[in-house]
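Residue numbers (the numbering used here), protein chains in the order written: chain A, 2 to 522; chain B, 1192 to 1614.
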Amino acid sequence: MTPVLELRNITKRFPGVLANDHINLTLEEGEIHALLGENGAGKSTLMNILYGLYHPDEGEIYIRGQRTQINGPTDAIRQGIGMVHQHFMLVPVLTVTENVMLGNESVKGLVLDRKAVAARIREISQRHGLEVDPDVRVEDLSVGVRQRVEIIKVLYRNANILILDEPTAVLTPQEADDLFEILRSLRSQGVSIIFISHKLREVLALADRVTVIRRGRVVGETPTKDANQAMLAEMMVGRRVALTVQKPPAKPGEVVLAFKNLKVLDNLMHLAVNGASLEVRAGEIVGVAGVQGNGQTELVEALTGLRPVQDGTITIAGKDVTNASPRVITECGVAHIPEDRQEDGLVLPFPIHDNLVINTFYHPPFANGWVVNHEAIRQQAERLVQEFDVRTPSAAVPVATLSGGNQQKVIVAREMSRPIKLLIANQPTRGLDVGSIEYIHRRILEKRDQGVAVLLVSAELDEIMGLADRIAVMFKGKFTAVVDADEVSKEQVGLMMAGSSLEEALAHAPKPVSKEREIVT
Amino acid sequence: MTEATTATPSPVATTAPPKPRQTRMRDVILYPLLAVFTALILGGILILVTDRAVVQAWLNFFDDPMAALRATGHSLSTAYGAMFEGSLNFGGILRGIGAALRGEGTQELAVALVPLAESLTQAVPYIFAGLAVAFAFQGGLFNIGGEGQMLVGALCSVYIGFKVTGLPWYVHLPLAMFAGIAGGAIWAAIVGVLKAYTGAHEVINTIMMNWIAISLSTWLLKVGGPMARPDVPVTPPVLETAWIPRLFDTPGNRFHAGFFLALFTVWLIWWILYKSTLGFQIRMVGANARAAKYSGVNVKRLWIAVMAISGALAGTAGMVQTLGVDRWVGVGFSSGMGFDAIALALLGKNHPVGVLLAALLFGTLKNGATRMQSVAQIPVDIITIVIALVIVFIAAPEIIRWLYRLRQPVAKEGPVFSKGWGS
Ligand SMILES: Nc1ncnc2c1ncn2[C@@H]1O[C@H](COP(=O)(O)OP(=O)(O)OP(=O)(O)O)[C@@H](O)[C@H]1O
Ligand SMILES: [Mg+2]
Chain A
2 MTPVLELRNI TKRFPGVLAN DHINLTLEEG EIHALLGENG AGKSTLMNIL
52 YGLYHPDEGE IYIRGQRTQI NGPTDAIRQG IGMVHQHFML VPVLTVTENV
102 MLGNESVKGL VLDRKAVAAR IREISQRHGL EVDPDVRVED LSVGVRQRVE
152 IIKVLYRNAN ILILDEPTAV LTPQEADDLF EILRSLRSQG VSIIFISHKL
202 REVLALADRV TVIRRGRVVG ETPTKDANQA MLAEMMVGRR VALTVQKPPA
252 KPGEVVLAFK NLKVLDNLMH LAVNGASLEV RAGEIVGVAG VQGNGQTELV
302 EALTGLRPVQ DGTITIAGKD VTNASPRVIT ECGVAHIPED RQEDGLVLPF
352 PIHDNLVINT FYHPPFANGW VVNHEAIRQQ AERLVQEFDV RTPSAAVPVA
402 TLSGGNQQKV IVAREMSRPI KLLIANQPTR GLDVGSIEYI HRRILEKRDQ
452 GVAVLLVSAE LDEIMGLADR IAVMFKGKFT AVVDADEVSK EQVGLMMAGS
502 SLEEALAHAP KPVSKEREIV T
Chain B
1192 MTEATTATPS PVATTAPPKP RQTRMRDVIL YPLLAVFTAL ILGGILILVT
1242 DRAVVQAWLN FFDDPMAALR ATGHSLSTAY GAMFEGSLNF GGILRGIGAA
1292 LRGEGTQELA VALVPLAESL TQAVPYIFAG LAVAFAFQGG LFNIGGEGQM
1342 LVGALCSVYI GFKVTGLPWY VHLPLAMFAG IAGGAIWAAI VGVLKAYTGA
1392 HEVINTIMMN WIAISLSTWL LKVGGPMARP DVPVTPPVLE TAWIPRLFDT
1442 PGNRFHAGFF LALFTVWLIW WILYKSTLGF QIRMVGANAR AAKYSGVNVK
1492 RLWIAVMAIS GALAGTAGMV QTLGVDRWVG VGFSSGMGFD AIALALLGKN
1542 HPVGVLLAAL LFGTLKNGAT RMQSVAQIPV DIITIVIALV IVFIAAPEII
1592 RWLYRLRQPV AKEGPVFSKG WGS
């Protein structure tokens, strides 16, 4: 049987980077094919070529045995290729129907035929279990549902090859499970899917075959039934990766961060944080567990001075910093890895070296009084790029040209490389490959052991379970429980995240078994 | 990370070293040059089709083809010849140098220099006004209020210039200059304050402030108004102690020291933007205000500072024109220069040196247009069209690339400024 899609010897060069080096890839009809690789391996580049956003320097593309050229997204769609980008390309103020119609308007006489489109959306969503109300405005939808709209948009245009670039990075575990159901249903109807993820567990659970890319080259291809996590991790990174973390017990010191009865509003002026109190001591990691949208984002923004506090107090290292400015808080020795790296954490058009000093540029040696010392900034960048293994041809390129994971490494490098007392990390390893996750986890533990207080917010329960010394469960803007990490199991934390009280959770779910937990994937 | 990964250098694989410089040269030098060249050719076509003699000659093309070609050549060379002579006059300058060397005195050279000097003189306010827009833009603010800020700057300096008497020039001139700079700065800072504390958009408010400035000046300058002479709707002349000195005494040569102030300011703004911590913050706010806030920049205060500096630059534009050239102010003083400034910033890619070059081009074209009109009876509007065409070509470089079959530079293909985790 001829494969649906075949890429032969695809090569793509960027200035100073060989992003794709003679890549071969085949996609069979009705299979889910995972693409796995380190940050900067060239996965997104390859998919952008397939979707017509980049032109390959060399190589051929065959669709159902026919050699073809893809001259742009419109052309890709015409040839049955659809892509769901991680950044949703939807217009928030338009309804689902209008978004689907955009660029593909169906017209009756001179008027747009909304009814017909809505009907087809209903039909598509029924056939594939993609529950969506066509008349709702996109801005009122959750992230998971927006992603469904993106998939409907692609199916509406009759795509039979579906590309998903890190679709689960911003989904809650529940939303991710729903997505997998949808993808399986699509597969059974003959849609062929390419799926990019750094989460090995997802790849093994969902995909039929997996291709591993390293430094722009295919290093292996295997059916997932013959694969396991350790083996895939090793193929990706080229060395053995510790999927578990060895963690000596914490030696908590004095309180560094303390907040009491904190109340914070979200953008819609609802109380997102509603009377939360917590203390974090030097030398310990406190993990905030919770389903996304329970006030974690607003809490972190309030603690770092980005969002006003309505009520309550925040003290850092004994100093009252309630409603202090971000600069004052940074000066107290606080590092902040923000949740949204491209909105808050980076200035995309700036070179990497400037991005590494965006919150320290006014201090010596980076500045003497009013004068910026570009040489010192460049030198530090050379060092940090090496140390944190940021994959780039040079530290002078705009940070926008880096792969998603490498952008994250720039932020981590900036925040972890200066002397700090408190580290507030919100989704620090989102979008990172297993090797980088291992590295960053080790760095966080290293900071803890040097006496830094760490507040870790993560949607990955495994990450919390593996790293945290104490776990604070956040539910509807409050901490419903703060427990020692060894006293609870993952299942018990899961129950509490869903609203159970500590007593209920301890009574019902299985007890913790081993102390060494898996934190990766 | 571990041995395995740190041992290898971080680049994924190296093909060719990056060549940002080369692409920059294309962007900054080649495209603008081609844009000007193309616009002049199109302007030439316009000159031809509006020249009755040329059209007539072409209608009789089959009877006398040579006449048609002669008419075409004559029309173009008269027009562009006049423009060149009226704005640069390199031939005249060379002859003048020759005369001077032959010992015939420097009189001829001095006269020959007048057109070039006038081009530079006309460029001076453009330099300041263009810098004003470009500077604000680097900070993410769209200052459309150059017009009003220039007017206020001019009014403030002219007021000090004619009202305050009895001061020596070294006090009076700086005072008048300062008044103009401060007037523009305050006028624009009001918009910055409104944006910072009420969220009101600066585009709307700078436009409103333009109208306020214009109406205010109409009232101040009406015959017998608070700042006008009793008989005509203009201010009294600026006292000699507040004049920016002119550097040549040849009649018609208005070249003044403000030109050097402009060059210095270009350097100063470049230094602020790219060498100072203030500029680092300004560019950060301009590129991503949220990240700037995250980094501890006081974005509100910075907005006010950027507007104030931008307004100071626009105010200076009005001030140098008043104290250096006009020496009085009448209604309709700036006549759209504040809007041309937006085009200048665009043409100069918001870079101070780019703005300088663009302003020199504008000054030259405008100055040449005047001569073209008087010698060849070609309306100055042709030059307005040429300038507009230059702007179109700069704003849409695709057209130039297509016309000259230039290959798309690699850097232009990427980066896809994607906002997702999967980028
Ligand atoms: N537009 C661009 N200009 C220059 N270099 C680029 C551009 N896009 C990607 N690169 C480089 O190409 C390489 C591959 O990037 P790509 O985005 O494909 O990685 P990826 O496998 O998707 O990584 P991640 O898992 O981190 O998203 C990286 O080294 C990146 O710096
Ligand atoms: Mg990617």
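All residues carry an ideal CB built from backbone N, CA and C; glycine is no exception.
Please read all numbers here as calculations on a predicted model, not as lab measurements.
Given the structure, does K44(A) come close to ligand 2, in the sense that its CB is under 8 Å from one of the ligand's heavy atoms?
yes
Could you work out which residues of chain A lie near R1445(B), taking near to mean beta carbons separated by less than 7 Å?
By Cβ distance, chain A contributes nothing, its closest Cβ being about 37 Å from R1445(B), past 7 Å.
Could you check if E203(A) belongs to the surroundings of ligand 2, using beta carbon to heavy atom distance under 8 Å?
no
Which two residues bound the contiguous alpha helix (DSSP H) that contains F1451(B)?
1449-1466
Closer than 8 Å is the cut-off here; do at least three beta carbon pairs connect the region 1497-1517 of chain B with the region 1360-1375 of chain B?
yes
Using a cut-off of 7 Å between C-beta atoms, extract the partners of E344(A) located in chain B.
R1481
Check whether the region 421-431 of chain A and the region 295-310 of chain A are in contact - that is, three or more C-beta pairs closer than 8 Å.
yes
I want to check one thing, is the minimum distance from the CB of I197(A) to the heavy atoms of ligand 2 below 8 Å?
yes
Can you determine whether any heavy atom of ligand 1 sits closer than 8 Å to the C-beta of S395(A), and answer yes or no?
no
Kindly list the residues whose CB is nearer than 7 Å to the CB of I1569(B), restricted to its own chain and excluding five residues on each side of it in sequence; keep chain order.
I1238, A1270, M1563
In chain order, what residues of the same chain have a beta carbon less than 7 Å from the beta carbon of K1484(B), not counting five sequence neighbours either side?
V1490
To which residues of the same chain is A1230(B) closer than 6 Å at the C-beta, ignoring the five residues directly before and after it?
V1577, L1580, V1581
Pairwise C-alpha distance: T12(A) and A1198(B)
Summary for A1198(B): the model assigns pLDDT 36, below 50, so the residue's position carries little reliability; its value from the coordinates is reported in the next sentence. Distance between the alpha carbons of A1198(B) and T12(A) is about 25 Å.
Quick check on T1575(B): does DSSP put it in helix, strand or coil?
helix
Kindly indicate which three-state DSSP category F1228(B) falls into: helix, strand or coil?
helix
Beta strand (DSSP E) segment containing D166(A), residue limits
162-166
DSSP three-state call for T1312(B): helix, strand or coil?
helix
Boundaries (first-last residue) of the alpha helix (DSSP H) holding M270(A)
Counting along the chain, M270(A) falls outside any alpha helix (DSSP H), and DSSP gives it neither H nor E.
Assuming L187(A) contacts L180(A) under a Cβ cut-off of 8 Å, what Cβ separation, rounded to an integer in Å, is found between them?
At roughly 11 Å, the Cβ-Cβ gap does not stay under 8 Å, so L187(A) and L180(A) are not in contact.
Name the residue from G83(A), S326(A), V400(A) whose alpha carbon lies nearest to the alpha carbon of Q343(A).
V400(A)
Considering only residues of the same chain and omitting the five flanking positions on each side of I71(A), which have a CB-CB separation below 6 Å?
G53, A77
Helix, strand or coil for R443(A) per DSSP?
helix
Does the distance from the CB of F1524(B) to the CB of L1535(B) come in under 9 Å?
no
Assuming P1365(B) is part of the alpha helix (DSSP H), what are its boundary residues?
1360-1389
Tell me which residues share the same chain as G254(A) and place their Cβ nearer than 7 Å to its Cβ, disregarding the 5 neighbours each side in the sequence.
R282, A283, G284, G452
Continuous beta strand (DSSP E) stretch holding Y63(A): start and end
59-64
Along chain A, in chain order, which residues have C-beta atoms closer than 9 Å to that of N1541(B)?
In chain order: nothing, as chain A lies at least about 12 Å away.
Exposed unless 16 or more other CB atoms sit within 10 angstroms - verdict on L37(A)
buried
Compute the minimum distance between the beta carbon of E167(A) and the heavy atoms of ligand 2, and state whether it is under 8 Å.
yes
Taking Cβ-Cβ distances below 9 Å as the criterion, which residues of the region 1377-1398 of chain B are in contact with chain A?
none
So I378(A) and V358(A) are supposed to be a Cβ contact under 8 Å. How far apart are they, rounded?
5 Å
Three-state secondary structure (DSSP) at Q311(A)?
strand
Could you spell out the range, first to last residue, of the beta strand (DSSP E) harbouring V1355(B)?
Segment: none, V1355(B) is in no beta strand (DSSP E) and carries neither H nor E.
Contact set between S1565(B) and chain A, taken where Cβ atoms lie within less than 8 Å:
Per Cβ cutoff of 8 Å: no residues; S1565(B) is ~47 Å from chain A at best.
Return no unless some Cβ of chain B is closer than 9 Å to the Cβ of H271(A).
no
Cα-Cα separation, H1542(B) to E447(A)
44 Å
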